[in-house]
Amino acid sequence: MNERDCLQKIRNLGVRLQELELARPQPGKSYTSVALDFLFKEHQLERPTGAPLDHTLRTLGKALMERHQLKFQRLDASAIVDYFCRYYRVH
Numbered sequence: 000m001n002e003r004d005c006l007q008k009i010r011n012l013g014v015r016l017q018e019l020e021l022a023r024p025q026p027g028k029s030y031t032s033v034a035l036d037f038l039f040k041e042h043q044l045e046r047p048t049g050a051p052l053d054h055t056l057r058t059l060g061k062a063l064m065e066r067h068q069l070k071f072q073r074l075d076a077s078a079i080v081d082y083f084c085r086y087y088r089v090h
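The opening residue of the sequence shown carries number 0 in numbering that gives the first Met the number 0; numbering runs sequentially from there.
Written as structure tokens, this is what we have:
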């Protein structure tokens, strides 16, 4: 999945989190940013600032693997985004 598609899926996740009343949009922040902030906060992690999207998502994926003993067949941005989209039932 290219970065544009990945960002779109994360945006859709942000919209879904708002629908579920798990996250609230904030003035000046995109749904993508709200979704990433929520995921890092939910898993008690510090969100890397100024890092590329791929690095940010890999950081989240590695932490999930360690804390929850999850296994990703491939640890890339697409696999991590797909995991959360399935978890929160984003279509």
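Where a beta carbon is used, it is the ideal one built from N, C-alpha and C, also for glycine. In this text the structure is predicted, and so the values were computed from the model without any measurement.
- Helix or strand or just coil, what does DSSP make of VAL89? Taking the sequence shown and counting its residues from 1, one reaches residue 89 at position 90. Coil.
- Report, in whole angstroms, the separation of the C-beta atoms of ARG96 and GLN17, which I expect to be a contact under 8 Å. The structure shown does not extend to residue 96, since the chain is modelled only from 0 to 90, so the question has no answer here.
- Query: Are the segment 43-59 and the segment 67-85 in contact at 8 Å, needing three or more beta carbon pairs?
  - Reply: yes
- Confirm, please, whether the CB-CB distance from ALA34 to GLY13 is below 7 Å. Counting from one through the sequence shown, the residue named residue 13 turns up at place 14. Counting from one through the sequence shown, the residue named residue 34 turns up at place 35. The answer is yes: Cβ separation under 7 Å.
- Query: Which residues in the same chain have their Cβ closer than 6 Å to the Cβ of VAL89, if we skip the five residues on either side of it in sequence?
  - Reply: For the purposes of this step, residue 89 is taken as the residue at position 90 of the sequence shown. Contacts found: ASN11, LEU12 and ARG15.
- Message: Looking at the secondary structure, which residues open and close the alpha helix (DSSP H) in which GLY13 lies?
- Response: On the sequence shown, position 14 is the one that residue 13 refers to. That run of the alpha helix (DSSP H) goes 2-18.
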